[in-house]
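Report on one structure; see the data block that follows.
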Amino acid sequence: MSDAFKDVSTVPTLTLEPFQAEEEKKPAVQPEEPKLDDTILTEEERRMVDAFAQQIDLTNSSMILQYGAGTQKKMADFSESALENVKSKDLGEVGTLLTNVVTELKSFDEEESKGFLGIFKKASNKVESMKAKYSKAEENVNQIVKALDNHQVQLLKDVAILDKMYDLNLTYFKELSMYILAGKKKLEEVRSTQFAELMSKAQVSGLPEDAQAAKDLDSMCNRFEKKLHDLELTRMISIQTAPQIRLVQNNDTQMVEKIQSTIVNTIPLWKSQMLLALGVEHSSQAAAAQRQVTDMTNELLKKNAETLKMSTIETAKESERGIADLETLKATNESLISTLDEVMNIQREGREKRREAEVELRNMENELKAKLLEIRG
1 MSDAFKDVST
11 VPTLTLEPFQ
21 AEEEKKPAVQ
31 PEEPKLDDTI
41 LTEEERRMVD
51 AFAQQIDLTN
61 SSMILQYGAG
71 TQKKMADFSE
81 SALENVKSKD
91 LGEVGTLLTN
101 VVTELKSFDE
111 EESKGFLGIF
121 KKASNKVESM
131 KAKYSKAEEN
141 VNQIVKALDN
151 HQVQLLKDVA
161 ILDKMYDLNL
171 TYFKELSMYI
181 LAGKKKLEEV
191 RSTQFAELMS
201 KAQVSGLPED
211 AQAAKDLDSM
221 CNRFEKKLHD
231 LELTRMISIQ
241 TAPQIRLVQN
251 NDTQMVEKIQ
261 STIVNTIPLW
271 KSQMLLALGV
281 EHSSQAAAAQ
291 RQVTDMTNEL
301 LKKNAETLKM
311 STIETAKESE
321 RGIADLETLK
331 ATNESLISTL
341 DEVMNIQREG
351 REKRREAEVE
361 LRNMENELKA
371 KLLEIRG
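Heads up: the sequence shown begins at 1 in full-length UniProt numbering, then just goes up one per residue.
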């Protein structure tokens, strides 16, 4: 997973070079929206947008088709890699290992119904039995801890990778924003200058070729406007990806913390408790001292039980976090569906308006021809 992002630049780049894609996406119709805020850009990036806008040629059909496609492809590959990272992560195994630790410690405690010190009142061979059980439990726990250590190292690597993924997503977000800003600047400039000049020329000359030239430029502007809207949809995916990355990263971090707590707190406490129990057995205390030791051990057992309880509860809480993540994904999915519905409505309205415009253009052409015939007569 780390190799997928190791050599990827996090500096925004803009290009008008054709992008070789397996298949082309149909541009979506651009809805009426507030002007895109450029405050997310630095001064240098704003100057880059202004300079890039001057290079855009709306009369170049190939350029319009490829505009921003490189960043869209990088965003698609990035989303696939991010999804693969989530799919390959098995936090359930870590939860199982943590549960196994608790099971090992509880199973040892339950070997004697009267607790650790209750064994001291029986035959001396019970001490050897207790040591043997402790050694077996310790071996099992150590194996589990070794596996947890490996998971902890991997999770820490994943957290670092997710930071890189977040930075890359921010870069793609900026690139898309810069493409959109540059495109809108150029679109506004062309419509207010070239298109306006062609319309004025067509109205003055009355020639069909002049009217056609104005119509061609208007069509190119509309195509480019749809392309910009397509980029805005990709930009929205980038916006939604950022909190999703942080959610996955937060889950990894919390699991690392839980592993650390188990290794540095729970298990050492259990071992020290066992050493204390064995040490007390080897002493020759009077009955009063024996009761004090029993009270002390019982207190340790209670504290250890509370620690295990808290560990179990926290682990259960962490495992339930997946429900909240699913709700987030559900809300995101509903939002995307709503967006696509709106886009479809806008496309339908756009088609109706274009049909109306075509009818109007035919009427205008017929009127122009009739007027020309009158002049010739």
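By construction, the Cβ of each residue, glycine as well, lies at the ideal position given by its N, Cα and C atoms.
Check, Outcome
"Secondary structure at Tyr67, three-state DSSP: helix, strand or coil?", "coil"
"Can you tell me whether DSSP reads Asn60 as helix, strand or coil?", "coil"
"Nearest to Gln194 by alpha carbon, out of Met220, Leu207, Ile375 and Leu65?", "Met220"
"Can you tell me whether Ala357 sits near the ligand SAH, meaning its C-beta is under 8 Å from at least one heavy atom of the ligand?", "As presented, the structure is devoid of all ligands, the ligand SAH included, so that no description of it is given."
"Tell me where the alpha helix (DSSP H) around Val256 begins and ends.", "Pro208 to Ser261"
"Can you tell me whether Val153 is buried or exposed? The criterion is at least 16 other CB atoms within 10 Å of its CB, across all chains shown.", "exposed"
"If you pair each beta-carbon of the segment 247-255 with each one of the segment 179-198, do three or more pairs fall below 8 Å?", "no"
"Leaving out five residues before and five after Phe173 in sequence, what residues of the same chain have Cβ atoms less than 6 Å from its Cβ?", "Ser238"
"Could you check if Ala69 is buried or exposed, using at least 16 other CB atoms within 10 Å of its CB as the buried criterion?", "buried"
"Over the uninterrupted alpha helix (DSSP H) stretch that includes Val204, give me the two end residues.", "Gln194 to Ser205"
"For Glu225, count the other beta carbons within 10 Å of its own beta carbon; 16 or more makes it buried, fewer makes it exposed. Which is it?", "buried"
"Starting from Val49, follow the alpha helix (DSSP H) in both directions and report where the run begins and ends.", "Glu43 to Gln55"
"Applying the criterion that 16 or more other CB atoms from any shown protein chain within 10 Å of the CB defines a buried residue, is residue 388 buried or exposed?", "Only positions 1 to 377 of the chain appear in the structure, and residue 388 is not among them; the question remains open."
"Is it buried or exposed for Gln72, if we count other Cβ within 10 angstroms and need 16 for buried?", "buried"
"May I have the straight-line CA-CA distance separating Asn363 from Met236, to the nearest angstrom?", "41 Å"
"My output table needs one value for Pro268: the three-state DSSP class, helix, strand or coil.", "helix"
"What's the C-alpha gap between Lys121 and Thr315?", "With a pLDDT of 47 at Lys121, under the threshold of 50, the predicted position of this residue should be treated as unreliable, though the coordinate-derived value follows. Using only the alpha carbons, I get a separation of about 37 Å."
"Among residues of its own chain, excluding the 5 on either side of Asp158, which ones have a beta-carbon nearer than 6 Å to its beta-carbon?", "Asp252"
"Which residue's Cα is closest to the Cα of Asp216: Val190, Lys227 and Glu232?", "Val190"
"Would you verify that the beta carbon of Gln72 is, or is not, closer than 9 Å to some beta carbon of chain B?", "As a matter of chain content, chain B is missing from the structure shown, which is built from one protein chain."
"Using the Cβ count rule (16 or more neighbours within 10 Å means buried), how would you classify Leu162?", "buried"
"Out of Leu336, Lys271 and Leu155, state which residue places its alpha-carbon closest to the alpha-carbon of Leu300.", "Lys271"
"Pick helix, strand or coil for Leu14, following the three-state DSSP scheme.", "coil"
"Just to confirm, are Leu181 and Ala53 a CB contact at a threshold of 9 Å?", "yes"
"So the candidates are Thr297, Lys369, Pro268 and Pro12; which of them puts its Cα closest to the Cα of Lys74?", "Pro12"
"In three-state DSSP terms, what is Thr332?", "helix"
"Using 9 Å as the threshold, is the C-beta distance between Leu58 and Lys186 below it?", "yes"
"Let me make sure I understand the geometry here. Which of Thr312, Gln66 and Leu269 has the alpha-carbon closest to that of Thr297?", "Leu269"
"In terms of alpha-carbon separation, which member of Glu352, Leu41 and Gln240 lies closest to Ala331?", "Gln240"
"Roughly how many angstroms separate the alpha carbons of Ala288 and Thr294, rounded to a whole number?", "Here the model assigns Ala288 a pLDDT of 47, short of 50, so the residue's position is not dependable and the matter cannot be decided."
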